[in-house]
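Chemist:
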Amino acid sequence: MNLDTAHLLALAAALGWASGLRLYLTVLLVGIAGHWGWIALPPGLQVLASPVVMGGAAVLAFVEFLADKIPLVDSAWDALHTLIRIPAGAALVAGLVSGWAGDHGQAWGIVAALLGGGLAATAHTAKASTRAAANTSPEPFSNIGLSLMGDAAVPTMLWLAWAHPFVFFPLLALSLAVMATLTWFCFKFLRALLQRVRRLRPA
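Right, here's the structure in full:
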């Protein structure tokens, strides 16, 4: 895959970040791009262009789309996917980079897996904590709005990483800063809420 360094880094970062938000949509979009020849996938990711993989990813992406709009179900879905999104993000980024790295593929693959897993963990933690905080509100509209933002952000950031990497990088940095801030505030809010519930509980 003939990519310059900027494109490679942008795509690696985008795959890790997007996996933490919408893993199945990310797999589906990469598979479609490879299947239709829009992107020449490296050997480590060519399996994503398989009709079987794309079909499975499409079904799971649709289930996730629905589950992510339902209060409490979304948090249960996120809890389950803590064990899936982070290692999957690491594997996707390692698969992208190992084909480019040549003789140093194994070493760079490990570095890429750490990068992908870290970005996936950051995005997943921010998503899960924000949605858990939103679930304390009785109205469902905040959940739906946050979910739709995630639905739109993933294909947008993947496209920017491919088409405009130097636009993608500052947006990614801004996104990570916002995610870190949201995670801190949400954990603080949820901890205070739990303490209040404990105080109200009869002795």
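For the working numbering, count along the sequence shown from 1 and bump the result up by 5. All C-beta atoms in this analysis are idealised placements derived from N, C-alpha and C, irrespective of residue type, glycine included.
Counting only the same chain and skipping the five closest in sequence on each side, list residues whose C-beta sits under 6 Å from that of S69.
Modeler: Looking up residue 69 in the sequence shown gives position 64. The amino acid occupying residue 69 in the given sequence is Glu; Ser does not appear at that position. Contacts found: Y29.
Chemist: In terms of residues, what are the limits of the alpha helix (DSSP H) holding V224?
Modeler: The question about residue 224 has no answer, for the chain in this structure spans 6 to 208.
Chemist: With a 10 Å radius around its C-beta and 16 neighbouring C-beta atoms as the bar for buried, classify P175 as buried or exposed.
Modeler: Taking the sequence shown and counting its residues from 1, the one referred to as residue 175 is at position 170. The residue in question, P175, is exposed, as its Cβ has fewer than 16 Cβ neighbours within 10 Å.
Chemist: Identify the continuous alpha helix (DSSP H) that holds P160 and give its terminal residues.
Modeler: For this step, residue 160 is matched to residue 155 along the sequence shown. F146 to A168 is the span of the alpha helix (DSSP H), which, as asked, contains P160.
Chemist: Would you kindly work out how many angstroms separate the C-alpha atoms of M6 and H40, rounded to a whole number?
Modeler: In the sequence shown, residue 6 corresponds to position 1, counting from 1. In the sequence shown, residue 40 corresponds to position 35, counting from 1. Because the pLDDT at M6 is just 49, under 50, the model does not fix this residue reliably, and the value given afterwards should be weighed accordingly. Their backbone Cα atoms lie some 15 Å apart in a straight line.
Chemist: Rounded to whole angstroms, what's the CA-CA distance from S55 to D156? Just pull it up for me.
Modeler: Sequence index remark: in the sequence shown, residue 55 carries index 50 (1-based). Sequence index remark: in the sequence shown, residue 156 carries index 151 (1-based). Taking the straight line from one Cα to the other gives about 23 Å.
Chemist: Return yes when the Cβ of L97 is within less than 9 Å of the Cβ of G21, no when it is not.
Modeler: Start at 1 with the first residue of the sequence shown, and residue 21 comes out as number 16. Start at 1 with the first residue of the sequence shown, and residue 97 comes out as number 92. Going by C-beta atoms, G21 is nearer than 9 Å to L97.
Chemist: Within 10 angstroms of its Cβ, does D9 collect 16 or more other Cβ (buried), or is it exposed?
Modeler: As a working mapping, residue 9 is identified with position 4 in the sequence shown. Looking at its Cβ environment, which holds fewer than 16 other Cβ atoms inside 10 Å, D9 is exposed.
Chemist: Under 9 Å, do N148 and K74 count as touching if we go by C-beta distance?
Modeler: Taking the first residue of the sequence shown as 1, we reach residue 148 at position 143. Taking the first residue of the sequence shown as 1, we reach residue 74 at position 69. Yes, Cβ-Cβ distance for N148 and K74 is below 9 Å.
Chemist: Would A17 and A84 qualify as a contact pair, given that the criterion is a beta-carbon distance under 9 Å?
Modeler: Here residue 17 corresponds to residue number 12 of the sequence shown, with the count starting at 1. Here residue 84 corresponds to residue number 79 of the sequence shown, with the count starting at 1. Not in contact: A17 and A84 (Cβ atoms no closer than 9 Å).
Chemist: In whole angstroms, what separates the C-alpha of P48 from that of L181?
Modeler: Indexing the sequence shown from 1 puts residue 48 at position 43. Indexing the sequence shown from 1 puts residue 181 at position 176. Straight-line Cα distance between these residues: approximately 29 Å.
Chemist: Look at F194 and A138 and say whether their C-beta atoms are less than 9 Å apart.
Modeler: By one-based count along the sequence shown, residue 194 stands at place 189. By one-based count along the sequence shown, residue 138 stands at place 133. Yes. Within cutoff.
Chemist: Closest to R3 by CA distance: which of G121, L119 and M154 is it?
Modeler: With the chain represented from 6 up to 208, any question about residue 3 goes unanswered, as that position is not in the structure.
Chemist: Would you please state the rounded distance, in angstroms, between the beta carbons of K92 and G122? I believe it to be under 8 Å.
Modeler: Translated into positions along the sequence shown, residue 92 becomes position 87. Translated into positions along the sequence shown, residue 122 becomes position 117. Checking the sequence, you will find Pro at residue 92 rather than Lys. Correct: roughly 7 Å between the Cβ atoms.
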